[in-house]
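One structure is given below, encoded as structure tokens.
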Amino acid sequence: MMTLKKLFKMKLTTHKNKFFLATLLVLFPAVVFAQTNPPVQLEIGIGSKIIATNLADYMGALYQFAVGAVAILATVMIMYNGLRWAAAAGNSGTITKAKDGITSALAGLVLALSSYLILHTLNPKLTDLSSIVVPKPNTPPVEDFEASEAPPLPTDTKGVCPNTVDDATCTGLVTVDSRYTQKMLTKAVHKLAPNAAGSWNLMAATFYAKFNKKIPANHMFRSFSYQQCLHDNSIGDHPSDPDCSDQGHISGGAVDLNISSLSIAQYNWLACGNEGGCVVTNKSTSGYNVIGANSYGWKVLNYNPDFNPSTSKHNHITEDHHFGYTGSTSVCGVCPGLDVSGCSCGGSVVDTTY
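Going left to right, the sequence shown walks through residues 936 to 1289 as the working numbering numbers them.
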């Protein structure tokens, strides 16, 4: 039986051994890869594979495809040279060439089928590579304000409102998944009511898989006193006057996006469910462009059909960055101990006025 030592001594300058050399080059990549990123659909599938999670997964699919191709090619070569041998009619030269062709094909097939074992024996790390991850630059947090999208950009530079928008006694909140949502403001609190958080995380994960980008968000939950301060001092883009029936920030059911960090297609996907945008068919009493909620239950308060991040202030209109959850959320549900002027949940005073 031919040994590996003899195989490697074969002359690679003849046409019959070029297949052997090509096999060595094709099978060099490792075959086991880490898969950690959300999947993306391939424009051109590799065999039956149409979904890849990262570059390593893609290369792994190419490797498997190459092994299959080599096996098929080796089989064809064995059959071809077998026929040459059978038709040689005793011609020693033709028989020798046919034998060499079969030997080369068998060598390539054996190497293809045993490549994992060979590489793992040489160095186990060759068969266990992690995906190449290129860090994504994050937009630096900016000074806090009610909405970074509102022109002119209002800031709380005088320290009128509390130093934090959080309230530790509001125990009914859930922190959103930071893998898919980017925090754009230093003292913003990325918490929502449980049902709103679940829906948001699903939407954000789908957004990340589609655009390879986290959703850039400013405020989510805001404490009752912080919201009251914003309203009383007219800080920001039309902050509402909070009360117990509020279905917005203080109930954990609203998110202000940093939409200047979005493309037109990304904004439309979040607002309309598609990258092409949607038609405004109704106006609210405030003159807002009313559209329905997206498939995840989130609805932009004032859809901006002319949004364009490349223009000055991206053609901003009031509340085009504010997304509200259309499911049920309640102030007392997320802050069960709240007892302030305008909202008593039957508890003690846990949220002081400014």
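Beta carbons are placed, not taken as given, at the ideal position from N, Cα and C, and that holds for glycine.
For residue i, which three-state DSSP category applies?
i       : result
Asp1176 : coil
Thr1246 : coil
Pro1151 : strand
Thr1141 : helix
Gln999  : helix
Thr1253 : coil
Gln1182 : coil
Thr1116 : strand
Asp1102 : coil
Ser1050 : helix
Ser1134 : helix
Leu1197 : coil
Asp1241 : coil
Ser1265 : coil
Ala1302 : The first residue shown for the chain is 936 and the last is 1289, placing residue 1302 beyond what the model contains.
Cys1213 : coil
Gly1028 : helix
Cys1270 : coil
Asn1016 : helix
Asn1203 : helix
Gly1043 : helix
Gly1036 : helix
Name the DSSP bridge partner or partners of residue i?
i       : result
Phe890  : Past the edges of the chain, shown from 936 to 1289, lies residue 890, and the structure says nothing about it.
Cys1278 : Val1275
Leu1192 : Ala1152
Gly1259 : Ala1189 and Lys1234
Asn1224 : Lys1218
Thr1110 : Lys1126
For residue i versus residue j, is the C-beta distance shorter than 7 Å?
i       : j       : result
Gly1187 : Phe1159 : no
Asn1229 : Ile1252 : no
Asn1193 : Pro1129 : no
Ile1030 : Ala1024 : no
Trp1020 : Ala1009 : no
What is the rounded straight-line gap between the Cα of residue i and the Cα of residue j?
i       : j       : result
Ser1263 : Leu1048 : 58 Å
Leu1044 : Ile986  : 28 Å
Thr1110 : Lys1234 : 20 Å
Asn1168 : Glu978  : 52 Å
Gly1268 : Cys1280 : 9 Å
Leu1054 : Ile981  : 23 Å
Val1005 : Lys1145 : 34 Å
Leu1120 : His1154 : 8 Å
Tyr993  : Phe1000 : 11 Å
Asp1241 : Lys1149 : 23 Å
Ser1245 : His1166 : 30 Å
Asn1217 : Tyr1223 : 8 Å
Leu1273 : Asn1209 : 39 Å
Lys1060 : Tyr1015 : 38 Å
Ala1085 : Val1190 : At Ala1085, the pLDDT of 40 sits below 50, so the modelled position is not reliable; the number obtained from the coordinates is stated separately. Each residue's Cα considered, the two are about 15 Å apart.
His1125 : His1184 : 11 Å
Ala884  : His1257 : Coverage of the chain is limited to positions 936 through 1289, which leaves residue 884 absent and any answer about it impossible.
Val1002 : Tyr1051 : 11 Å
Val1275 : Asp1255 : 30 Å
Asp1176 : Gln1162 : 7 Å
Leu960  : Ser1027 : Annotation note: pLDDT 41 at Leu960 (below 50); position unreliable, coordinate value reported separately. Each residue's Cα considered, the two are about 32 Å apart.
Thr1261 : Asn1243 : 26 Å
Met1012 : Ile1037 : 7 Å
Ile1199 : Gly1212 : 9 Å
Ser1219 : Asn1239 : 14 Å
Gly1133 : Cys1105 : 18 Å
Val1100 : Val1214 : 35 Å
Cys1270 : Ser1221 : 30 Å
Cys1278 : Asp1178 : 6 Å
Ser1039 : Gly995  : 25 Å
Tyr998  : Ala1042 : 18 Å
Gly1227 : Asp1112 : 25 Å
Trp1135 : Cys1164 : 27 Å
Val1225 : Ser1180 : 21 Å
Could you tell me whether the Cβ of residue i comes closer than 7 Å to any Cβ of chain B?
i       : result
Cys1207 : Note that chain B does not occur in the displayed structure, where there is just one protein chain.
Between the options, which has its C-alpha nearest residue i's C-alpha?
i       : options                               : result
Thr1116 : Asp1101, Thr1141 and Asn1130          : Thr1141
Ala1139 : Thr1010, Arg1114, Asp1178 and Leu1108 : Arg1114
Lys1122 : Ser1134, Asp1102 and Thr1106          : Asp1102
Asn1147 : Val1214, Ser1265, Leu1197 and Asp1035 : Leu1197
Gly1232 : Val1215, Leu1137 and Ser1219          : Leu1137
Ala1131 : Ser1265, Val1225, Leu1018 and Cys1270 : Ser1265
Gln1182 : Val1225, Asn1203 and Gly1259          : Gly1259
Asn1250 : Cys1164, Trp1204, Gln1201 and Ser1195 : Ser1195
Gln1201 : Val1225, Tyr1143 and Ser1180          : Tyr1143
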